[in-house]
Structures are given as structure tokens and as C-alpha cells.
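Structure record follows, encoded as C-alpha cells.
Here it is as C-alpha cells:
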């Protein structure tokens, strides 16, 4: 069933880009309508240590509704969608402020990013979100991400922040996803019901048997629990991202993971970079093509991005973010990539230097036609998973 009972000690510091999801029960004291400031301050200390070690850190934080509902006088219990959205609107600002205060002690800047499901599935919005988060990380900030509850509806909402965190990890090519909640990992059965349930330290594939260990979602609830965590694991692993489930109620939950504390690791067979390359090459329908000169082909093969100057012909009607075929002058397809410009603008700037783009288009776009992170040489991605990261 692809379960390992023992293995090497996994460390968060082995990762380079880490997404940490914090559950609502950890983050918020719903009875007081307040953030658990002492707990968050301890977590901020651990985040600062990761960043001091050169790691990128992204937070996906629950708790906005739990923090906000009391301030609006909403009664305990399940809320209708419109009241959830109202509670999120008032709670989110308190949540963001709490993160800002906690990390300001370490001179770390916080940035708030709100997403809907469409933002990770519609190609142009996906690229905008990916580029924004990537830029924030390069500038040293810690993005704090939540679902945009105030505009999401039942049809488009993620439904839980476990899956949101996994989608974000896949979108930004993170190599580590941490789910902190009130459970310490995966068991063969619910340990609260079955005293003979066995803890599982590692999982390498989400099989039917593994999925069955999560049991059923609680009646009347659409999120949380082990069911959604295994869905998150599938998303993360298919994107080459390892995932760990750990109990976040400890004063230093990240340090506890590194110290060998009880936690379940989900380990992919591929790296984020390889998984993304396979996805671009094998899963996306090409909407057009770019033909390159020999110099540009050589640059791509040496690991560089595709600049407008190397493009000599364009075919097809594509939008920014669409997949395109990248051809040599003899018509051979050498790569596929996500193009940074729609076809009309791409035709205007092809053959020109990047510094001329603003004069040609009237706005400052990206310097590249296809960034190297959004490009897959076909010989690199001949085999591998094709599931969207």
C-alpha cells in the first residue's frame, strides 16, 4: 500500500520553498473573537529561523471567519454563506494585522494574498498569482494567503484550506507543504474510535487503502479532517512536493517536526521542477506556436528564458498564459511553454530587444516571451507524470 514504517529523518530545512498551512483551531480563539497571539508569536520565531537559513516561507492561514464572527454578533454554529463572507471580511483584517505584528519583531514584511479557485485554474490569473507570490518571496516578504471568502461562492470556493495550501504549493513549485492542525498524522483508523489504530510515519502513494484510513467526512461539514488532508497530499505529491501532517498545538510545532516528533510525511516520486516540466509538456493543449532562430534554440538548451529577439515567426490565436509549441526553423518541435504575451502583442515585439517592449506596446510587460520556469524542453520531459501541479 506504499507505506513506509521507518526511514530517514526528514527535516523542514531540507526544503527551499515551504508552504505552512495553519488550521483555524490553532489560529483563533472563537469564543473571544481573537487571534491566539502567544502561539502565533512562537510560530513567527520559527518562521524567522527558516528565513534566516535561506528558505522561502508562505503561510496559508485559516481563522478569518472564527475571528470575525463575534465582532459582528453572529451566533455560534454553522453560518450561511453570506454570513461567512461577512465574518471573513472583518476577520481577515485582524488576521493580517496579527501576522504583521508577530513577524515585525524579526523585521519581516507580511503581504496578504486572497485567492479563489479560479485563480489557480484560469491560466492568466494563475500566472498573475504565481508571479506575484514569487516576486514577494524574492523581495523577502512572507505572503499570508487565504481563500477570498468575501467573493467566493459554493461553486468556485476551495472549501477548505488544506486543498488551498496544496494548490498554492503546486502553483509556486514549493518542495515542502506543512499542514498544522489538531491531529498528529495518519493512522490506519480513527484512534479516537479504534484503540488498536496504528500510526503511519510515511506514505509514498495515495492508494484506495490509504484513502480508506481517513474514514468519512463528518455529516454537515464540507471541510477539514483527514479526508481533505489526503486530497491535499494527492495534489502536492503530483506536483513533486512532499507534505507533512503534524500537531500544531505545541509551542514550537516546526521544531518538533525536525526533532522527530510524531508526524506523517507524504513523499513524491518526482521533484517540483520535473513535475512542472512534465505537466507543461504533456498535459496542456498548445494554442499556437513560436518559431525561433538557431541562437534562441541554443539559449533554451542552456537553461535560459526565451527572449522576444529570438522569435522569427508566430502562428495561432493564443492568450497570455496559454501553452504554445516552440519550433526550430525546420519545423521540429523542441519545447513547449506558457507564453507571457497574447498573440497580437507577441507579434509586435518578436525580433526586438526586451528594452524596446515598452515603446512597442505602450506598457511595461515581462522581459521574456517565455520564462525558463514556464518552459519544458521535450527531451527533458519525455517521460513522467502529467497531472497538473
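Numbering (the numbering used here), first residue to last: 6 to 394.
Beta carbons: idealized from backbone N, C-alpha and C, even for Gly.
The structure presented is a predicted model; accordingly, all values stated were derived computationally and were not measured.
Can you give me the C-alpha to C-alpha distance between residue i and residue j, rounded to a whole angstrom?
i           : j           : result
residue 365 : residue 356 : 12 Å
residue 279 : residue 245 : 7 Å
residue 170 : residue 139 : 15 Å
residue 180 : residue 267 : 21 Å
residue 309 : residue 247 : 27 Å
residue 14  : residue 207 : 11 Å
residue 26  : residue 177 : 15 Å
residue 241 : residue 277 : 9 Å
residue 198 : residue 219 : 12 Å
residue 174 : residue 63  : 9 Å
residue 214 : residue 168 : 20 Å
residue 271 : residue 251 : 12 Å
residue 100 : residue 86  : 20 Å
residue 94  : residue 147 : 21 Å
residue 256 : residue 115 : 22 Å
residue 58  : residue 105 : 20 Å
residue 312 : residue 382 : 16 Å
residue 360 : residue 372 : 8 Å
residue 348 : residue 131 : 18 Å
residue 343 : residue 38  : 44 Å
residue 189 : residue 262 : 10 Å
residue 2   : residue 322 : Because the chain here runs from 6 to 394, residue 2 falls outside it and cannot be looked at.
residue 47  : residue 103 : 13 Å
residue 301 : residue 351 : 16 Å
residue 22  : residue 40  : 26 Å
residue 243 : residue 329 : 23 Å
residue 193 : residue 269 : 12 Å
residue 65  : residue 134 : 14 Å
residue 294 : residue 239 : 32 Å
residue 325 : residue 368 : 15 Å
residue 185 : residue 20  : 17 Å
residue 3   : residue 29  : Beyond the ends of the chain as shown, which are 6 and 394, falls residue 3; an answer cannot be given.
residue 98  : residue 43  : 18 Å
residue 275 : residue 191 : 22 Å
residue 376 : residue 346 : 11 Å
residue 378 : residue 119 : 23 Å
residue 127 : residue 200 : 45 Å
residue 290 : residue 338 : 14 Å
residue 150 : residue 110 : 20 Å
What are the residues that DSSP puts in a beta bridge with residue i?
i           : result
residue 151 : 119
residue 296 : 318, 332
residue 204 : 192
residue 342 : 329, 380
residue 22  : 61
With a threshold of 7 Å on Cβ separation, who are the neighbours of residue i within its own chain once the five nearest residues in sequence on each side are excluded?
i           : result
residue 391 : Low per-residue confidence applies at residue 391: pLDDT is 44, beneath 50, and the placement is therefore not dependable, though the value from the model is reported in the following sentence. Closer than 7 Å at Cβ, skipping near neighbours: 283, 284, 287, 288.
residue 254 : 31, 187
residue 79  : 88, 92
residue 56  : 62, 113
residue 340 : 305, 331, 380, 381, 382, 383
residue 216 : 235
residue 196 : 202
residue 16  : 263
residue 260 : 51
For residue i, which residues from the same chain have a beta carbon less than 6 Å from its beta carbon, with the 5 sequence-adjacent residues on both sides left out?
i           : result
residue 296 : 317, 318, 332
residue 362 : 354, 370
residue 172 : 125
residue 49  : 107, 108
residue 52  : 62
residue 142 : 61
residue 231 : 219
residue 237 : 167, 168, 171
residue 292 : 321, 323, 327
residue 76  : 38, 95
With 8 Å as the threshold, decide whether the Cβ of residue i is near any Cβ in chain C.
i          : result
residue 45 : No chain C appears in this structure, which consists of one protein chain only.
At a cut-off of 7 Å, is residue i close to the ligand COA when judged by its beta-carbon and the heavy atoms of the ligand?
i           : result
residue 364 : You won't find the ligand COA in this model; it holds no ligand whatsoever.
In chain order, what residues of the same chain have a beta carbon less than 8 Å from the beta carbon of residue i, not counting five sequence neighbours either side?
i           : result
residue 334 : 296, 297, 298, 299, 317
residue 45  : 32, 103, 104, 107
residue 18  : 55, 58, 60, 263
>> With a threshold of 8 Å, are at least 3 pairs of Cβ atoms found where one atom belongs to the segment 33-53 and the other to the segment 65-72?
In response: yes
> Considering only residues of the segment 47-117, which uninterrupted beta strand (DSSP E) runs meet the minimum length of 3 residues and lie entirely inside it, listed in chain order?
Replying inline: 61-66
>> If we require 3 or more residues per run, which beta strand (DSSP E) segments fall completely within the segment 229-255?
In response: 247-252
> Quick one: complete alpha helix (DSSP H) runs, 4+ long, within the segment 346-370?
Replying inline: 348-354, 362-366
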